[in-house]
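Here's the structure, in structure tokens; my notes come after.
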Amino acid sequence: MMMLLQYEEAPQGQPQGEPTAAEVMQEELAVDANGYGEYESVPVWLDTYLWTLLPFLCVVLLFWFMGVHKTVGGMLDRRGKTIASELEQARDLREEAQELLAKYQRRQREAEEEAQGIIDQAKRDAKRMAEETRKKLDEQLARRSKAAEEKIARAEAQAIAAVRNRTADVAAAAAEQIVRQRLDTQAGAALVDRAIANVRSKLT
Numbered sequence: 208m209m210m211l212l213q214y215e216e217a218p219q220g221q222p223q224g225e226p227t228a229a230e231v232m233q234e235e236l237a238v239d240a241n242g243y244g245e246y247e248s249v250p251v252w253l254d255t256y257l258w259t260l261l262p263f264l265c266v267v268l269l270f271w272f273m274g275v276h277k278t279v280g281g282m283l284d285r286r287g288k289t290i291a292s293e294l295e296q297a298r299d300l301r302e303e304a305q306e307l308l309a310k311y312q313r314r315q316r317e318a319e320e321e322a323q324g325i326i327d328q329a330k331r332d333a334k335r336m337a338e339e340t341r342k343k344l345d346e347q348l349a350r351r352s353k354a355a356e357e358k359i360a361r362a363e364a365q366a367i368a369a370v371r372n373r374t375a376d377v378a379a380a381a382a383e384q385i386v387r388q389r390l391d392t393q394a395g396a397a398l399v400d401r402a403i404a405n406v407r408s409k410l411t
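And the structure:
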């Protein structure tokens, strides 16, 4: 609209009888009663759309008769089969990877269980060895204590026997001395000997 207004103003010095640029554009864009422009009167064989469409149709028909569509279809089919094969291989590889992962996880669990079993067995063995060692030590201590007690008992018995023997000797010597002091005869000496023998036999 602004352009039309600009063209409506006739330039200075232009003859009054000549049409302006705006009038020329209006004439070119004039519309008849049916709503079509002046270009409707152009013949069909001069239409550029027709001459653009005809070569395209010719090329399509040429490709059709040459079997290009079959070649393209075959290429597409082969490409589709190749893609399907690649997808199948990828699916197989994925399944194989999942199987390997599951196998690895199963082996890892088995290894962990085996390691835990070894640790538990080692703990049980260590506990059993500690109990056996403690039991052996207790038995050794018991045997040594018993041997010491027996040795002490024998020592006490020997000491008591020695004391008794010593006491008997001392008593016999004392009795002998006392009796000899009182008895000087031969009969008295024999009596003293018998008394000493009796005392010793009773003390031992």
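For the record, in the sequence shown the residue sitting at position 93 is 300 according to our numbering, with numbers rising by one throughout. Here a beta-carbon is modelled for each residue, glycine too, at the ideal position from N, C-alpha and C.
Secondary structure of MET273 (DSSP, three-state): coil. Separation of VAL266 and TRP258 (C-alpha to C-alpha, rounded to the nearest whole angstrom) is 13 angstroms. Rounded to whole angstroms, the separation of the alpha carbons of GLU295 and THR289 is 10 angstroms.
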